[in-house]
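Using the working numbering, you'd call the opening residue of the sequence shown number 4 and step up by one each time.
Ideal Cβ placement from N, Cα and C applies to all residues, glycine included.
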Amino acid sequence: MMLMIRSLIIATIITLLAANCVSASMVRLAYDDRSIEDAAWIDGQRGHGVIFTAPADNWSLSQVAILGKLVESSPSEIFVIEVWDQNLSLLCRTTDKASSYFNDNLSWSIIDLPDVRVSDNFLISFFEFAGVWQGVDKSPSSGRSILVSRNPNRILNWSMQNSAQNQTNWMIQAIGHSPGPEISIAVVSDTASEKNPAKVKAMVTDPDGNLKGVTEYIVDNRTREIVWSQTVQMEGSSGEAEFSWPGTIFRISANGQDKGKIYAINNQAQVPNLGRLLAYSAPCIIELNESENVSAQAYFGEDGLFNALIDSRGIAHYISPEILSITVPERDYEEFAKNNITVIKDKSKIEFINAKVPARQDEQASEKVGPIVLSGTPSSHYELQLLRSNADIGEYNAIVKVEDMASNVLSYIAGKTITVK
Ligand SMILES: [Ca+2]
Ligand SMILES: [Ca+2]
Numbered sequence: 004m005m006l007m008i009r010s011l012i013i014a015t016i017i018t019l020l021a022a023n024c025v026s027a028s029m030v031r032l033a034y035d036d037r038s039i040e041d042a043a044w045i046d047g048q049r050g051h052g053v054i055f056t057a058p059a060d061n062w063s064l065s066q067v068a069i070l071g072k073l074v075e076s077s078p079s080e081i082f083v084i085e086v087w088d089q090n091l092s093l094l095c096r097t098t099d100k101a102s103s104y105f106n107d108n109l110s111w112s113i114i115d116l117p118d119v120r121v122s123d124n125f126l127i128s129f130f131e132f133a134g135v136w137q138g139v140d141k142s143p144s145s146g147r148s149i150l151v152s153r154n155p156n157r158i159l160n161w162s163m164q165n166s167a168q169n170q171t172n173w174m175i176q177a178i179g180h181s182p183g184p185e186i187s188i189a190v191v192s193d194t195a196s197e198k199n200p201a202k203v204k205a206m207v208t209d210p211d212g213n214l215k216g217v218t219e220y221i222v223d224n225r226t227r228e229i230v231w232s233q234t235v236q237m238e239g240s241s242g243e244a245e246f247s248w249p250g251t252i253f254r255i256s257a258n259g260q261d262k263g264k265i266y267a268i269n270n271q272a273q274v275p276n277l278g279r280l281l282a283y284s285a286p287c288i289i290e291l292n293e294s295e296n297v298s299a300q301a302y303f304g305e306d307g308l309f310n311a312l313i314d315s316r317g318i319a320h321y322i323s324p325e326i327l328s329i330t331v332p333e334r335d336y337e338e339f340a341k342n343n344i345t346v347i348k349d350k351s352k353i354e355f356i357n358a359k360v361p362a363r364q365d366e367q368a369s370e371k372v373g374p375i376v377l378s379g380t381p382s383s384h385y386e387l388q389l390l391r392s393n394a395d396i397g398e399y400n401a402i403v404k405v406e407d408m409a410s411n412v413l414s415y416i417a418g419k420t421i422t423v424k
């Protein structure tokens, strides 16, 4: 589990950086965890349905991916895929031969649809007439996988034996596209120091006006380490951001001991009220006890002090006295800590990442830093501190990534390198 979470975090950071220019292309919507635990076929007029949410209005759905395999001596040779809108009205239907897409092994099949525009929630229904084993992911679900029937189109009561609805995700995914953003970048100042930071300017446009944000990554040319990153949020159809890098890198120290370089994000432009206390964040994995690992963000103040630990579900495992005194000033910290902090002193562990951009796709060069046992007390910030030190002398690349609300992502490497002297 721990390994999976870690590689997930690293993958999210680096997939977007690996290529020089990733063109905006297909986006895949998935609610399963991509690992199969079971398979099921259904007969009669029943079908496997998944309720999707379109990432943007008028999103073009163009393909459906289904994990399945043929049922031996099946009563039916064909399958039907239907796309319904949220009122269960038919938007599109495809009928084809099951053996043209599925075989005797469980594998993903991609079925082309004539491009259909979807908005809000829409439904993909797969009718296989007891001819295809539908792959099932049995992780806790949000109830998006349902049973459907036609004539009239309707959602049926759940009636799968040995499969609870809240533990069933049909492995059906939606693939589509929408207009993605475009970006141009300029290195305005190409040497970096505390006094004269390097400056990179990004100008962004998006034809359908759903920009989300722009992120800059500074990468050490020699070691491929991501030494700095900063995100600027955006909306609408155009925007401009100027990034400033003072030629510094991040390290983590625990109990006064330097544990090494880590990947951290500069949030200074993001959180107005608590900005000073949440100035930097670092993706991490927390091991609260032997059986519970979760990915999280550790937040640090401008002074480097550890101020908060929030997991990927939004649960706060640690809040410092400084944060509480701003958010809930009347609350007594000792009493708050006793009832709310889930970090166990001298037992819980935290692991950071020294993230690298691989030179090749198959390279996985990122390193873990830790695990570090959280000693100290909540009031002493568990003796964890983010340090900033000068970057090594050498050349650095600026990579700028732009995203829109429809999950389109585009990354560019600036033409000019940045020098630390
Ligand atoms: Ca699974
Ligand atoms: Ca867009």
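Would you mind reading off the limits of the alpha helix (DSSP H) that contains LEU444?
Lying before the first or after the last residue shown, residue 444 is absent from the chain, which here runs from 4 to 424.
Residue range of the beta strand (DSSP E) that GLU243 falls in?
First-last of the beta strand (DSSP E) with GLU243: 241-248.
Excluding sequence positions up to five away, which residues of its chain have a Cβ less than 6 Å from the Cβ of TRP111?
Within the same chain, ALA68 and LEU70 come within 6 Å of TRP111 by CB-CB distance, once the 5 residues on both sides are set aside.
Does the segment 153-173 come within contact of the segment 206-217, defined as at least 3 CB pairs closer than 8 Å?
Contact between the segment 153-173 and the segment 206-217 is absent, because fewer than three Cβ pairs lie under 8 Å.
Simplified DSSP state of PRO381, which is helix, strand or coil
Secondary structure at PRO381: helix, using DSSP grouped into helix, strand and coil.
For GLN89, three-class secondary structure by DSSP:
Coil at GLN89, not helix or strand.
Considering only C-alpha positions, which residue in the set ASP261, LEU280 and GLY263 is nearest to ASN270?
For ASN270, the nearest C-alpha among the options comes from LEU280.
Environment of GLY164 [buried if 16+ CB atoms lie within 10 Å]
The displayed chain sequence assigns Gln, not Gly, to residue 164. Exposed.
For GLU80, the three-state DSSP class (helix, strand or coil):
If DSSP states are grouped into helix, strand and coil, GLU80 belongs with coil.
Taking DSSP as the reference, what is the three-state secondary structure of ASN342?
Correct three-state label for ASN342: helix.
Whole-angstrom C-beta distance between ASP118 and SER65, which should lie under 8 Å:
Contact flag correct, Cβ pair sits at about 5 Å.
Beta strand (DSSP E) segment containing PRO286, residue limits
For PRO286, the enclosing beta strand (DSSP E) starts and ends at 283-292.
Can you check which of these residues, GLU75, TYR399 and SER241, is closest to ASN224 by C-alpha distance?
Closest by alpha carbon: TYR399.
Heavy atom of ligand 1 within 7 Å of ILE39 beta-carbon:
Yes, the beta carbon of ILE39 sits closer than 7 Å to at least one heavy atom of ligand 1.
May I ask which residues mark the beginning and end of the beta strand (DSSP E) holding THR194?
Run containing THR194: none; DSSP gives neither H nor E here.
Determine the DSSP secondary structure at ALA299, reduced to helix, strand or coil.
It is a strand residue.
Starting from MET206, trace the beta strand (DSSP E) both ways and give me its first and last residue.
Element bounds for MET206: 201-208.
Endpoints, beta strand (DSSP E) assigned at GLY146:
The continuous stretches of beta strand (DSSP E) do not include GLY146, and DSSP gives it neither H nor E.
C-alpha distance - TYR415 paired with ILE84, whole-angstrom precision
Taking the straight line joining both Cα atoms gives about 38 Å.
Check whether the segment 83-101 touches the segment 116-131, counting contact only when three or more Cβ pairs, one atom from each stretch, lie closer than 8 Å.
Under the Cβ criterion (8 Å, minimum of three pairs), the segment 83-101 counts as touching the segment 116-131.
With DSSP run on the structure shown, which of helix, strand or coil describes TYR399?
TYR399 falls in the strand class under three-state DSSP.
When the Cα of ILE428 is compared with those of LEU413, ILE329, VAL297 and ASP306, which residue comes out closest?
The chain is shown from 4 up to 424; residue 428 falls before or after that span and cannot be answered.
Where does LYS1 land, buried or exposed, given buried means 16+ other C-beta within 10 angstroms?
A question about residue 1 goes unanswered here, because the residues of the chain that appear run from 4 up to 424.
In chain order, what residues of the same chain lie with their CB nearer than 6 Å to the CB of GLU185, ignoring the 5 residues before and after it?
Contacts found: THR208.
Does at least one heavy atom of ligand 2 sit under 7 Å from the Cβ of GLY134?
No; taking the cut-off as 7 Å, the Cβ of GLY134 has no heavy atom of ligand 2 nearer than that.
Exposed or buried, what is ILE289 when buried is set at 16 or more other beta-carbons lying within 10 Å of its beta-carbon?
Its Cβ being crowded by 16 or more others within 10 Å, ILE289 is buried.
Which word fits ALA22, buried or exposed, when buried means at least 16 other C-beta atoms lie within 10 angstroms of its C-beta?
For ALA22, the predicted model reports a pLDDT of 42, less than 50, meaning its position is unreliable; a value from the coordinates is still stated below. Residue burial is scored here from C-beta neighbours: ALA22 has fewer than 16 other C-beta atoms within 10 angstroms and is therefore classed as exposed.
Under 7 Å: does the beta carbon of SER142 sit that close to some heavy atom of ligand 1?
Under cutoff, so the answer is yes.
Kindly identify the DSSP beta-bridge partner or partners of ILE265.
Answer is none; ILE265 lacks a bridge partner.
Would you say the beta carbon of ALA409 is closer than 7 Å to some non-hydrogen atom of ligand 2?
It does: the Cβ of ALA409 is within 7 Å (strictly closer) of some heavy atom of ligand 2.
Does ligand 2 have a heavy atom nearer than 7 Å to the CB of SER181?
For ligand 2, at least one heavy atom lies less than 7 Å from the Cβ of SER181.
Looking only at its chain, what residues have a beta carbon closer than 7 Å to the beta carbon of ASP60, apart from the 5 residues adjacent to it on each side?
Taken in chain order, the residues that qualify are SER122.
Same chain, Cβ closer than 8 Å to GLN89, neighbours up to 5 away in sequence not counted:
Apart from sequence neighbours up to five positions away, the residues of its chain that approach GLN89 with a beta-carbon distance below 8 Å are ASP123, ASN124, PHE125 and LEU126, ordered along the chain.
Between the segment 217-234 and the segment 321-332, do three or more beta carbon pairs fall short of 8 Å?
Output reads no: the segment 321-332 does not touch the segment 217-234.
Can we count PRO184 as close to ligand 2, meaning its CB is less than 7 Å from some heavy atom?
Yes, the Cβ of PRO184 comes within 7 Å of a heavy atom of ligand 2.
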